[in-house]
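S.K.:
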Amino acid sequence: MVNRKKPKYKIGDTVVITIYGTVGKVTDVKWLDDMYVYEVNKSEGLYLESSLQHLSEYEGELIEKEQIDIEYKYFFGDLVQVKGYGTELFKIVGFRTEIWRYKEDAWEDVIYELSRISDGEWLEAGEEELTLLADADSADAFIEKLGLLYLINKKAKIQELKKNSYSFREAEKELLETVKEKKALIDGLLDIYNDYEILYVLFGDEEYKKVMKIIIRKLKQLVNKNEGSTSSSEKKSIE
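If you read the sequence shown in the working numbering, its first letter stands for residue 43, the second for the next number, and so on.
Laid out in C-alpha cells, this is it:
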C-alpha cells in the first residue's frame, strides 16, 4: 500500500480560495484520484490544494463577504389578505429574498408566494402588501370560524330576502286589487256615460248632458290621480 502524504489543510483551517479571493473554512477533506481535494464552507464544489492558501500566507486582495440578516414577517401557512384583493384570503406557500446591489445603491426585497383559499390561484406579493389574519397554527381554525360566520350570515340574508319577498308580494297583491277596483269603476262610469249619450241623442234632454259632464269630470280625476293605471284605449274614450 502506497503511503499517502499528509493533506496540506485540515478541517477547521481558515483558507483563501485564491481564484476568487474569498475566505472560508475547510469543512471536509477527501482523497480522489491520488490527490486531496477540499470542501470549503460545506459547498457542493471541491477545491484542489493548488487553489487554496492559508489566510496567514495569502498576499493577494481579499474580497469581503457581505453578511445579510433578513427578518421575515410572515412564514409558511400564515393566513393573510392582500392589498387590492378585498376580503379574499391567501395562505403563504413560499418566500424568497431578492438582493439588489448597485454602485450607488443597495436593497433587499422579500417576495411572498401565496395560494388563494377559494380556488388555489397562485400570487406573488411584497411584504408591505400583506396583512396578517392568523398565523400558521391558528389559520385552519380561523378559516373554519369564518366559514361558520359566512353560513350564519347567509342564512340571515336568506331569511331577510324571504321576508322582503313576502312583503313585496303582499304589497303587489294589494296594489293589483286596488287597480282592479279602479279599473272596474272606470269601466262602469264609461258604460253609464255611453248609456246617457244614447239617451241624449234620442231625446235631447239637457239633464242627460249634465250627467255626461259629471261622469267626464269624475273620469278625469281618476286618470290624473292614477296616471298609468288605465289603458290607452280608456284614456282615448275619456277624452
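C-beta: ideal position from N, C-alpha, C; glycine also.
Quick caveat, the model's predicted, so the values are computed rather than measured.
Out of Glu170, Asp179, Asp55 and Asp182, point me to the one whose CA is closest to tyrosine 114's CA.
M.R.: Against the sequence shown, residue 114 aligns to sequence position 72. Among Glu170, Asp179, Asp55 and Asp182, the Cα nearest to that of tyrosine 114 belongs to Glu170.
S.K.: How is glutamate 138 classed by DSSP in three states: helix, strand or coil?
M.R.: Here residue 138 is taken as the residue at index 96 of the sequence shown, counted from 1. Here residue 138 turns out to be arginine, not glutamate, going by the sequence shown. Reduced to three states, the DSSP call for arginine 138 is strand.
S.K.: Distance, Cα to Cα, tyrosine 89 vs proline 49?
M.R.: The sequence position of residue 89 within the sequence shown is 47, counting from 1. The sequence position of residue 49 within the sequence shown is 7, counting from 1. Near 13 Å, if we compare the C-alpha coordinates of proline 49 and tyrosine 89.
S.K.: Can you tell me which of Val243, Ala167, Gln263 and Asp151 puts its alpha carbon nearest to the alpha carbon of glutamate 140?
M.R.: Within the sequence shown, numbered from 1, the residue matching residue 140 stands at position 98. With distances taken between Cα atoms, glutamate 140 lies closest to Asp151.
S.K.: Hey, out of Gln123, Tyr62, Trp164 and Gly126, whose CA is closest to valine 135's CA?
M.R.: The residue given as residue 135 occupies position 93 in the sequence shown. Comparing Cα positions, the closest option is Trp164.
S.K.: Assign phenylalanine 137 to one of two classes, buried (16 or more other C-beta atoms within 10 Å of its C-beta) or exposed (fewer than that).
M.R.: Along the sequence shown, one-based indexing puts residue 137 at 95. It counts as buried.
S.K.: Measure how close the beta-carbons of tyrosine 80 and valine 68 come, nearest whole angstrom, since I'm counting them as under 8 Å.
M.R.: On the sequence shown, residue 80 is found 38 positions in, with the first residue counted as 1. On the sequence shown, residue 68 is found 26 positions in, with the first residue counted as 1. Between valine 68 and tyrosine 80 the Cβ distance is about 5 Å, and since that is below 8 Å, they are a contact.
S.K.: Considering only their Cβ atoms, is the gap separating leucine 261 from tyrosine 250 smaller than 7 Å?
M.R.: Against the sequence shown, residue 250 aligns to sequence position 208. Against the sequence shown, residue 261 aligns to sequence position 219. No. Outside cutoff.
S.K.: Does the Cβ-Cβ distance between alanine 167 and glycine 119 come in under 7 Å?
M.R.: The sequence position of residue 167 within the sequence shown is 125, counting from 1. The sequence position of residue 119 within the sequence shown is 77, counting from 1. It is not a contact, given that the beta carbons lie outside the stated cut-off.
S.K.: For asparagine 266, which residues of its own chain have a beta-carbon under 7 Å away from its beta-carbon, when the five flanking residues on both sides are left out?
M.R.: If you number the sequence shown from 1, residue 266 lands on position 224. Answer for asparagine 266: no residue qualifies.
S.K.: Please return the same chain residues whose Cβ sits closer than 8 Å to the Cβ of threonine 60, not counting the five positions on each side in sequence.
M.R.: What you label residue 60 is simply residue 18 of the sequence shown in a count that begins at 1. Closer than 8 Å at Cβ, skipping near neighbours: Ser93, Leu94, Gln95, Tyr100 and Gly102.
S.K.: What residues are listed by DSSP as bridge partners for valine 68?
M.R.: Along the sequence shown, read from residue 1 onward, the residue named residue 68 stands at position 26. Val82.
S.K.: Could you tell me whether the Cβ atoms of isoleucine 234 and isoleucine 257 are closer together than 7 Å?
M.R.: Position 192 of the sequence shown, counting from 1, holds the residue named residue 234. Position 215 of the sequence shown, counting from 1, holds the residue named residue 257. Against a cut-off of 7 Å, the Cβ pair of isoleucine 257 and isoleucine 234 comes out as a contact.
S.K.: Between the C-alpha atoms of leucine 156 and alanine 183, what's the straight-line distance to the nearest angstrom?
M.R.: Stepping through the sequence shown from its first residue, residue 156 is reached at position 114. Stepping through the sequence shown from its first residue, residue 183 is reached at position 141. Rounded to the nearest angstrom, the two C-alpha atoms are 19 Å apart.
S.K.: DSSP three-state call for lysine 50: helix, strand or coil?
M.R.: Here the question's residue 50 lines up with position 8 in the sequence shown. It is coil, neither helix nor strand.
S.K.: Our contact map puts lysine 224 next to leucine 264 with C-beta atoms below 8 Å; I'd like the distance itself, whole angstroms only.
M.R.: Within the sequence shown, numbered from 1, the residue matching residue 224 stands at position 182. Within the sequence shown, numbered from 1, the residue matching residue 264 stands at position 222. That belief holds up - the Cβ atoms of lysine 224 and leucine 264 are roughly 6 Å apart, short of 8 Å.
S.K.: Hey, how far is the Cα of glycine 246 from the Cα of lysine 252?
M.R.: Position 204 of the sequence shown, counted from the first residue, corresponds to residue 246. Position 210 of the sequence shown, counted from the first residue, corresponds to residue 252. Distance between the alpha carbons of glycine 246 and lysine 252: 11 Å.
S.K.: Per DSSP, glycine 162 forms a beta bridge with which residues?
M.R.: As a position in the sequence shown, residue 162 is number 120, starting the count at 1. DSSP lists no partner for glycine 162.
S.K.: Can you give the Cα-Cα distance for glycine 126 and serine 85, rounded to whole angstroms?
M.R.: As a first step, residue 126 is located in the sequence shown; it is residue number 84 there, counting from the start. As a first step, residue 85 is located in the sequence shown; it is residue number 43 there, counting from the start. Roughly 42 Å separates the two Cα atoms.
S.K.: Within the same chain, show all residues whose beta-carbon is closer than 6 Å to that of aspartate 70, passing over the 5 residues directly before and after it, in chain order.
M.R.: Taking the sequence shown and counting its residues from 1, one reaches residue 70 at position 28. Closer than 6 Å at the Cβ level, and outside the excluded window around aspartate 70, lie Glu81.
S.K.: Span of the beta strand (DSSP E) holding isoleucine 59?
M.R.: Numbered from its first residue, the sequence shown carries residue 59 at position 17. Counting along the chain, the beta strand (DSSP E) containing isoleucine 59 begins and ends at 56-59.
S.K.: Answer yes or no: do leucine 13 and valine 58 have a C-beta to C-beta separation smaller than 7 Å?
M.R.: There is no way to answer for residue 13, as the model of the chain reaches only from 43 to 281.
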